[in-house]
Every structure is written in C-alpha cells, then in structure tokens.
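Notes follow the structure.
Numbering (this note's numbering), first residue to last: 6 to 117.
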C-alpha cells in the first residue's frame, strides 16, 4: 500500500493489480480500488471545506459551476474506467500508467 506514494506509481494500478493477485475479478478489483480512494477524497474535502467561507457572494456561482463540471467529468471518467476494465485488456491501462509515470519522473527530474 505504501508503494504508490512514490512518484510515478499509479495507486489505482497498484490496488487493481493487488486485487487481481488476490483472486478478485477485474471488475471487483476496480471497484475495490475506487472504494479505497474514498477516505482520501472525503478527507481532502473536509480539510478544504473551511475555505468556502472565504468565497465572496458575487463569485460563488463560478465555484459552484466548477464543482458541477468537475463532478460530471469525474463521473464520466469513472464510467469510462469501468468500461475499459470490463471490456478491454488491462495492458492498455498499464501502457497509460507507464507513459505518464515516466513522463512525471522526467519532468520532476528536470525541474528540481
């Protein structure tokens, strides 16, 4: 569980792979991976909720519109993710993870 904290390591890829190695089917492993992310997401929401008081009334609709767009994009991404897990091979997800992991490592090593 601590390996994904390293830069370039996919948390979802790690938890899905671990679930499959523990004899879960791909769909169950993906759902398990999503459920594991909920405590972190809920914790971040709770920590950032205090900043809502700093939003001025005239601009608050922009934040609400951003929230709605982000929620819809997240739901669409989850739907696509579960479709890929169910219908496609996981090797494409692995290629995606490797590409962006390598890209992140290269960018971080060149910037710092």
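Cβ coordinates follow ideal geometry from the N, Cα and C atoms, glycine included.
Going by Cα to Cα distance, which pick from 38, 42 and 72 is closest to residue 54?
72
With distances taken Cα to Cα, identify the nearest neighbour of residue 40 among 100, 24, 59 and 107.
24
Supposed contact pair residue 32 and residue 91 - C-beta distance, whole angstroms, cut 8 Å
6 Å
With a threshold of 9 Å between beta carbons, is residue 37 in contact with chain D?
No chain D is present in this structure, which holds just one protein chain.
In three-state DSSP terms, what is residue 63?
coil
Cβ pair residue 51, residue 35 closer than 9 Å
no
Which stretch, first to last residue, makes up the alpha helix (DSSP H) that contains residue 30?
No alpha helix (DSSP H) contains residue 30, which DSSP labels as neither H nor E.
Apply the 10 Å Cβ neighbour rule to residue 98 and answer buried if 16 or more other Cβ atoms are within range, or exposed otherwise.
buried
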